[in-house]
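Enquirer: What follows is a single structure, and I will ask about it in a moment.
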Amino acid sequence: MSKINKNNLFKLSKLNIFLLAVIIFFITGYILYPLYSLVKDSLAVFSSGNQTGSFYSIAGSSVLNSVLLSLITAAGSFLTGLFFAYIFHFKKLPFGNFLYSILLIPIAAPPLVSTVAFLFLLNENGLLIKIITMLTGIESIPFKFEGWTAIIIIHIYSFYPFFLLFIYSALKKIDFSIIEASYSLGASKIRTFFKIIFPQLIPSVTGASLIVFMASMASFTAPLIFGGSIRFLTTEIYSSKINGDSSAASMLSVLLTLISLLFFLMLRYYRSRNSFETRTKGTVKSFVSDSNSKAGILTNLTVYTFITIILLPILALGFLSLIPEGSLMRNYFTEPFSLENYFKVFKDPKFFEPFVNSIKMAAIAVIITIIVGVSASFLISRKKIRGGKIIEGLLSLPYGIPGTVIALSFIISFNTPNLFSGFIPLTGTFWILPLAYAVRNMPIITQSSLAGFNAFDPSLEEASSSLGASGYRTFRKVILPFVIPSVLSGAMLVFINSVGEFVSTILLYTYSTKTISVEIYSQLRLYNTGAAAAYGIILFIMVMIVVYISRKSVDKSVSF
Amino acid sequence: MKKTLYLFLLATLLYGCSSDNKKKVVVYSPHGKEMLTEFETQFEAIHPDIDIQWLDMGSQEIIDRIRTEKENPLADLWWGAPATIFMRAEKLDLLETYKPTWAENVGTDSKSKSDKWYGTFLTPQVIAFNEKTLTKESAPKEWDDLIKPEWKDKIVIRNPMASGTMRVIFCAMIANSVKTTGSEAAGFEWLRKLDENTSVYAADPTQMYIKLAGNDAATLWNMPDIILQKNLYQYPFGYNFPEAGTVVLTDGIAIVKGTKNPEAVKEFYEFVTSQQSLILQAEKFYRIPARSDIPKDKLPEWIADANYKSMDLDWELISDNENEWMKKWDSEIKGKSK
Chain A
13 MSKINKNNLF
23 KLSKLNIFLL
33 AVIIFFITGY
43 ILYPLYSLVK
53 DSLAVFSSGN
63 QTGSFYSIAG
73 SSVLNSVLLS
83 LITAAGSFLT
93 GLFFAYIFHF
103 KKLPFGNFLY
113 SILLIPIAAP
123 PLVSTVAFLF
133 LLNENGLLIK
143 IITMLTGIES
153 IPFKFEGWTA
163 IIIIHIYSFY
173 PFFLLFIYSA
183 LKKIDFSIIE
193 ASYSLGASKI
203 RTFFKIIFPQ
213 LIPSVTGASL
223 IVFMASMASF
233 TAPLIFGGSI
243 RFLTTEIYSS
253 KINGDSSAAS
263 MLSVLLTLIS
273 LLFFLMLRYY
283 RSRNSFETRT
293 KGTVKSFVSD
303 SNSKAGILTN
313 LTVYTFITII
323 LLPILALGFL
333 SLIPEGSLMR
343 NYFTEPFSLE
353 NYFKVFKDPK
363 FFEPFVNSIK
373 MAAIAVIITI
383 IVGVSASFLI
393 SRKKIRGGKI
403 IEGLLSLPYG
413 IPGTVIALSF
423 IISFNTPNLF
433 SGFIPLTGTF
443 WILPLAYAVR
453 NMPIITQSSL
463 AGFNAFDPSL
473 EEASSSLGAS
483 GYRTFRKVIL
493 PFVIPSVLSG
503 AMLVFINSVG
513 EFVSTILLYT
523 YSTKTISVEI
533 YSQLRLYNTG
543 AAAAYGIILF
553 IMVMIVVYIS
563 RKSVDKSVSF
Chain B
88 MKKTLYLFLL
98 ATLLYGCSSD
108 NKKKVVVYSP
118 HGKEMLTEFE
128 TQFEAIHPDI
138 DIQWLDMGSQ
148 EIIDRIRTEK
158 ENPLADLWWG
168 APATIFMRAE
178 KLDLLETYKP
188 TWAENVGTDS
198 KSKSDKWYGT
208 FLTPQVIAFN
218 EKTLTKESAP
228 KEWDDLIKPE
238 WKDKIVIRNP
248 MASGTMRVIF
258 CAMIANSVKT
268 TGSEAAGFEW
278 LRKLDENTSV
288 YAADPTQMYI
298 KLAGNDAATL
308 WNMPDIILQK
318 NLYQYPFGYN
328 FPEAGTVVLT
338 DGIAIVKGTK
348 NPEAVKEFYE
358 FVTSQQSLIL
368 QAEKFYRIPA
378 RSDIPKDKLP
388 EWIADANYKS
398 MDLDWELISD
408 NENEWMKKWD
418 SEIKGKSK
């Protein structure tokens with residue numbers, strides 16, 4: 013293990029070969045095999061005959077709508093993210109750091125929670141609508157929060173933080189002396205932005221676009237609740253499945269996967285054509301704020317307005333969880349606040365079960381993704397194994413596969429015992445859920461730990477071994493501390509995504525594996541909006557705690 | 088610190104894997120958490136050796152699940168779905184034969200000829216309206232009132248693709264047109280006109296109630312639920328029974344084929360369909376019993392007072408064509424007038 017850059021499989025240590033076997037087993041069993049079953053099932057569409065005509069028209073319009081929605085979402089999120097990254101980088105705001113972390117809150121809100129929150133805020137009896145009608149005295153506002161507008165607003169709300177996060181950290185790395193040079197050579201601000209700054213942002217912008225486009229293609233909750241009669245791929249998959257037409261559902265899933273893949277490849281191509289590296293000797297001069305950069309009133313106003321918008325849905329949810337059940341129809345501003353909904357939820361003897369389930373499954377998903385993802389990126393980046401690119405590609409594949417599709421393919425594949433289901437029918441067991449979460453989130457860990465390994469300077473490793481440290485010791489004391497922050501932040505995202513996961517859970521859960529999201533959904537189904545809001549708030553607080561803890565531990569491991 | 092973390096993880100893992108020796112009965116049901124919890128608790132009190140485990144889902148989701156799990160059945164009892172869905176499940180061979188002790192006390196329309204499923208509740212559908220803006224007189228009274236131009240964009244409809252109830256109402260319109268005109272065309276034309284008047288297809292019942300209480304005028308929904316919403320949550324809802332006759336759904340119960348605990352399942356089956364349970368379900372959960380041997384004075388007033396005529400429909404025809412018709416509606420009518 014002390015020797016690096018051995019290109020040969022036979023020179024890998026036994027441990028490495030074992031890790032490789034685990035990775036290949038995972039890829040074959042839980043990514044390729046389910047996809048194969050899905051494609052096989054989807055081909056039955058062509059043999060069903062009489063209905064193919066209407067299938068094509070449904071498929072056509074839903075592909076069009078989904079792609080359009082994802083493009084609009086990506087564009088809107090990009091502009092919003094860029095705007096605020098710019099403000100927070102170049103302007104000095106009081107409490108800047110605190111405000112910045114508020115802007116990132118939507119990332120931590122599970123889609124089900126934020127969609128429900130918007131519902132309570134903006135539907136016909138929504139909090140904001142009530143406030144406006146009360147203040148203005150208008151009987152009813154001619155505004156309906158539904159359809160395209162509603163979905164796009166929710167999507168941008170949930171996804172713009174990815175752009176903010178990526179662009180903000182890229183801006184930090186830009187050498188400010190180049191910008192100054194550009195100015196002093198007479199370039200305008202706009203020209204400097206397009207010629208100097210933007211090219212350096214391309215890698216982060218494409219990265220964020222990829223995440224947002226795919227997340228929006230795969231988004232299910234907002235289209236389901238606000239879509240009405242507009243067809244989207246995810247909702248059509250669901251309704252075909254419910255309608256008993258499983259081959260149509262599979263075919264639409266295959267289409268969705270192909271579109272995401274196509275986008276993935278296009279972006280990769282674009283990035284490879286436009287990658288731009290700056291060469292700087294010595295330290296990078298970062299932007300130093302001066303008196304000019306003090307934020308004006310207008311900037312402050314914009315930021316605070318936006319922060320209010322970010323917080324409103326969550327506040328609406330909190331408000332709803334504090335008023336008595338069923339008072340939605342009455343004038344709820346006169347109702348006294350009470351913790352009744354929370355007591356009711358806590359009194360349920362099975363209250364803890366969904367929480368324990370969700371946390372347990374998310375934890376297992378994190379462990380699986382770390383084992384497979386970190387060893388894969390270790391072998392790819394440090395051991396430079398042959399076929400590394402293929403492994404990376406296959407592990408990133410699930411990015412483009414929505415939760416509904418993963419669940420559907422798992423049900424088809426593991427209904428009967430086989431090697432990958434551990435020779436039992438896996439459908440209906442506990443394990444199928446964390447496995448599905450792990451597959452869906454594998455790209456996150458793989459990419460984040462790959463970034464960690466790639467950023468690591470091999471000369472440090474050489475230094476360590478030439479100083480007499482064993483391979484294992486070098487790995488533990490030199491490589492690991494360097495990689496841990498990236499792995500941890502990836503693991504945090506996996507945990508957040510899994511703990512509130514709804515889309516695949518709703519197809520896979522059973523009595524003993526109910527999760528928090530299932531509980532929220534069934535409360536909503538029974539019109540217990542107060543209890544649903546209470547569950548939503550508890551889930552939200554839980555996620556915020558996890559974010560806080562993992563941020564602390566990332567900071568700690570960095571200082572180490 | 089790290090070690091305690093690992094121990095904690097291990098402990099939570101093990102915690103979930105423990106199991107006991109009780110006989111498990113898995114129930115799939117759309118009847119809702121409250122009603123299911125009530126009967127689970129009551130039943131387990133007299134049968135401590137049986138563990139009732141219910142999953143609360145829509146009836147359409149239930150048949151989808153049971154069909155998906157056919158090779159590896161996970162459910163024992165299926166409590167609740169429109170009879171048409173049970174008819175389809177019977178054809179797909181998903182149900183076990185069982186003749187309950189009260190088999191003779193339900194109408195022939197409300198049970199399977201080969202004892203695969205039996206009716207538990209009758210659910211008349213009504214035209215529900217917003218009481219704040221309309222009265223019984225000014226609201227739509229007959230089916231055909233709903234498609235008059237004056238109600239353009241004023242009708243809210245629960246998205247029928249995911250709602251067993253709505254699917255049956257829609258299909259009943261088509262079946263009625265087959266009966267009266269001999270073809271499906273008039274029925275689809277009626278649905279097309281309804282689509283023109285529809286403001287939105289609500290994703291779930293809550294959405295629908297909120298819209299109906301807001302700007303929309305009327306909807307099609309079942310009577311017990313409308314009364315429940317009105318009584319429990321003060322929604323401003325009123326309703327009309329179409330005089331020409333209304334669609335009356337039978338809601339049923341069946342044992343899932345491949346059940347591992349047939350004896351325990353039958354116990355629970357009989358328990359929830361006993362006279363006493365049905366009266367409680369009527370009082371507390373607004374369900375109208377299908378059994379005819381329950382004395383009228385034991386039932387709540389709103390059931391005794393309900394006066395409606397039921398539409399004579401060919402349920403076999405509806406059950407056989409439901410998926411086909413709904414697919415056609417979905418691809419050719421839904422949202423086309425927008």
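Residue numbers (my numbering), protein chains in the order written: chain A, 13 to 572; chain B, 88 to 425. No residue lacks a Cβ here, since even glycine has one placed at the ideal position from N, Cα and C.
#1: Work out the CA separation of Leu409(A) and Leu273(A) for me, nearest whole Å.
#2: Ser189(A) touches chain B at which residues, Cβ-Cβ below 8 Å?
#3: Going along chain B in order, which residues have a C-beta closer than 9 Å to the C-beta of Lys564(A)?
#4: Under the three-state reduction of DSSP, which class applies to Leu324(A): helix, strand or coil?
#5: Which residue or residues does DSSP assign as beta-bridge partners of Gln362(B)?
#6: Can you check which of these residues, Ile208(A), Phe507(A) and Ala120(A), is closest to Phe552(A) by C-alpha distance?
#7: If you draw a straight line from the C-alpha of Ala33(A) to the C-alpha of Ala86(A), how long is it?
#8: Name the chain B residues whose beta carbon is nearer than 8 Å to that of Tyr523(A)?
#9: Short check: CB of Ile321(A) to CB of Ala234(A), under 8 Å?
#10: Where does Thr527(A) sit, in a helix, a strand or coil, going by DSSP?
#11: Could you pull the DSSP bridge partners for Arg245(B) from this structure?
#12: What does Thr119(B) reach in chain A if we use C-beta pairs closer than 7 Å?
#13: Anyone know if the C-beta pair for Pro329(B) and Ile214(B) falls short of 8 Å?
#14: Going by C-alpha distance, which of Ser286(B), Ala262(B), Lys223(B) and Ala391(B) is nearest Phe157(A)?
#15: With distances taken between CB atoms, is the gap from Asn246(B) to Tyr288(B) smaller than 8 Å?
#16: How is Asn327(B) classed by DSSP in three states: helix, strand or coil?
#17: Spell out a yes or no on whether the stretch 537–548 of chain A and the stretch 328–338 of chain A are touching, meaning 3 or more CB-CB pairs, one atom from each, closer than 8 Å.
#18: Classify Asp392(B) as buried or exposed, calling it buried when 16 or more other Cβ atoms lie within 10 Å of its own Cβ.
#19: Near Ser252(A), what residues of its chain come up, given a Cβ to Cβ distance below 8 Å and the 5 sequence neighbours on each side ignored?
#20: Which ranges would you report for the beta strand (DSSP E) in the stretch 101–171 of chain B if only whole runs of at least 3 residues count?
#21: Quickly, what does DSSP pair Tyr547(A) with across the bridge? List them, please.
#22: Could you have a look at Thr222(B) and say whether DSSP puts it in helix, strand or coil?
#23: Apart from the five residues on each side of it in sequence, which residues of its chain come closer than 6 Å, Cβ to Cβ, to Ala230(A)?
#24: Examine the Cβ distances between the stretch 507–516 of chain A and the stretch 358–373 of chain A and report whether three or more of them are shorter than 8 Å.
#25: Whose CA, out of Asp232(B), Ala168(B) and Asn263(B), lies closest to the CA of Gly145(B)?
#26: Pull out every residue of the stretch 280–301 of chain B whose Cβ sits closer than 9 Å to any Cβ of chain A, in chain order.
#27: For the stretch 341–361 of chain B and the stretch 164–183 of chain B, state whether three or more C-beta atom pairs, one from each stretch, are separated by less than 8 Å.
#28: Residues in its own chain within less than 7 Å of Leu279(A) by CB, not counting five upstream and five downstream?
#29: Compare the beta carbon distance of Ile256(B) and Glu271(B) with 8 Å and say whether it is the shorter of the two.
#30: Between Phe130(B) and Phe372(B), which are expected to be in contact by the criterion C-beta below 8 Å, what is the C-beta distance as a whole number of angstroms?
#31: Does Gln363(B) pass the burial test, meaning 16 or more other C-beta atoms within 10 Å, or should it be called exposed?
#32: Between Ala97(A) and the rest of its own chain, which residues show a CB-CB distance below 7 Å, the 5 nearest in sequence each way excluded?
#33: Can you name the start and end residues of the beta strand (DSSP E) that Ala377(B) belongs to?
#34: Check whether the stretch 446–459 of chain A touches the stretch 383–403 of chain A, counting contact only when three or more Cβ pairs, one atom from each stretch, lie closer than 8 Å.
#35: Closer than 8 Å is the cut-off here; do at least three beta carbon pairs connect the stretch 372–384 of chain B with the stretch 138–155 of chain B?
#36: Is the shortest distance between the beta-carbon of Ser418(B) and the beta-carbons of chain A less than 8 Å?
Expert: On the basis of the data shown:
#1: Taking the first residue of the first sequence as 1, we reach residue 273(A) at position 261. Taking the first residue of the first sequence as 1, we reach residue 409(A) at position 397. Cα-Cα distance, rounded: 7 Å.
#2: Within the first sequence, the letter at position 177 stands for residue 189(A). Per Cβ cutoff of 8 Å: no residues; Ser189(A) is ~44 Å from chain B at best.
#3: Here the question's residue 564(A) lines up with position 552 in the first sequence. Chain B residues near Lys564(A): none, gap ~13 Å exceeds 9 Å.
#4: Position 312 of the first sequence, counted from the start, is the residue given in the question as residue 324(A). Of the three classes helix, strand and coil, the one that applies to Leu324(A) here is helix, per DSSP.
#5: Your numbering for residue 362(B) matches position 275 in the second sequence. Beta-bridge pairing links Gln362(B) to no other residue.
#6: Here residue 552(A) is taken as the residue at index 540 of the first sequence, counted from 1. Residue Ala120(A) is the option with its Cα nearest to Phe552(A).
#7: Taking the first residue of the first sequence as 1, we reach residue 33(A) at position 21. Taking the first residue of the first sequence as 1, we reach residue 86(A) at position 74. When rounded, the distance between both Cα atoms is 38 Å.
#8: What you label residue 523(A) is simply residue 511 of the first sequence in a count that begins at 1. Neighbours of Tyr523(A) on chain B, chain order: Val113, Gln140, Trp141 and Leu142.
#9: Numbered from 1 along the first sequence, position 309 holds the residue referred to as residue 321(A). Numbered from 1 along the first sequence, position 222 holds the residue referred to as residue 234(A). Not closer than 8 Å, so no.
#10: In the first sequence, residue 527(A) corresponds to position 515, counting from 1. DSSP places Thr527(A) in coil when its eight states are reduced to three.
#11: Locating residue 245(B) in the second sequence gives position 158, counting from the first residue. Answer by DSSP bridge pairing, in chain order: Ala289(B).
#12: Residue mapping note: residue 119(B) aligns to position 32 of the second sequence, counting from 1. First, the residue type needs correcting, since residue 119(B) is Gly and not Thr in the sequence shown. Going along chain A in sequence order, the residues near Gly119(B) (Cβ under 7 Å) are Leu538.
#13: Position 242 of the second sequence, counted from the first residue, corresponds to residue 329(B). Position 127 of the second sequence, counted from the first residue, corresponds to residue 214(B). Cβ distance < 8 Å, so Pro329(B) and Ile214(B) count as in contact.
#14: Taking the first residue of the first sequence as position 1, residue 157(A) is located at position 145. It is Ser286(B) whose Cα lies nearest to the Cα of Phe157(A).
#15: If you number the second sequence from 1, residue 246(B) lands on position 159. If you number the second sequence from 1, residue 288(B) lands on position 201. Going by C-beta atoms, Asn246(B) is nearer than 8 Å to Tyr288(B).
#16: Here residue 327(B) is taken as the residue at index 240 of the second sequence, counted from 1. In the structure shown, Asn327(B) sits in a strand (DSSP, three-state: E or B).
#17: yes
#18: Your numbering for residue 392(B) matches position 305 in the second sequence. Burial call: exposed.
#19: For the purposes of this step, residue 252(A) is identified with residue 240 of the first sequence, where counting begins at 1. Closer than 8 Å at Cβ, skipping near neighbours: Ser258, Ala260, Ala261 and Leu264.
#20: 110–116, 137–143 and 164–169
#21: Here residue 547(A) refers to the residue found at position 535 of the first sequence. In DSSP, Tyr547(A) forms no bridge with anything.
#22: Taking the first residue of the second sequence as position 1, residue 222(B) is located at position 135. Looking at Thr222(B) - three-state DSSP - the assignment turns out to be coil, as it is neither helix nor strand.
#23: Your numbering for residue 230(A) matches position 218 in the first sequence. For Ala230(A), where only same-chain residues beyond five positions count, the Cβ hits under 6 Å are Pro414.
#24: yes
#25: Counting from 1 along the second sequence, the entry for residue 145(B) is found at position 58. The candidate whose alpha carbon is nearest that of Gly145(B) is Ala168(B).
#26: Asp282, Thr285, Ser286, Val287, Tyr288, Ala289, Ala290, Asp291, Pro292, Thr293, Gln294, Tyr296, Ile297, Lys298, Ala300 and Gly301
#27: yes
#28: Residue numbering aside, residue 279(A) sits at position 267 when the first sequence is read from its first letter. Here the set comprises Thr218, Ser221 and Leu222.
#29: The residue labelled residue 256(B) in the question sits at position 169 within the second sequence. The residue labelled residue 271(B) in the question sits at position 184 within the second sequence. In this structure, Glu271(B) does not lie closer than 8 Å to Ile256(B) by Cβ.
#30: Locating residue 130(B) in the second sequence gives position 43, where the first residue counts as 1. Locating residue 372(B) in the second sequence gives position 285, where the first residue counts as 1. That belief does not hold up - the Cβ atoms of Phe130(B) and Phe372(B) are roughly 15 Å apart, past 8 Å.
#31: Stepping through the second sequence from its first residue, residue 363(B) is reached at position 276. With fewer than 16 Cβ atoms within 10 Å of its Cβ, Gln363(B) is classed as exposed.
#32: Stepping through the first sequence from its first residue, residue 97(A) is reached at position 85. Within the same chain, Ala97(A) has close Cβ partners Leu176, Ile179, Tyr180 and Leu183.
#33: Looking up residue 377(B) in the second sequence gives position 290. Premise fails: Ala377(B) is in no beta strand (DSSP E) and is neither H nor E.
#34: yes
#35: no
#36: By one-based count along the second sequence, residue 418(B) stands at place 331. Yes - at least one Cβ of chain A is within 8 Å of the one on Ser418(B).
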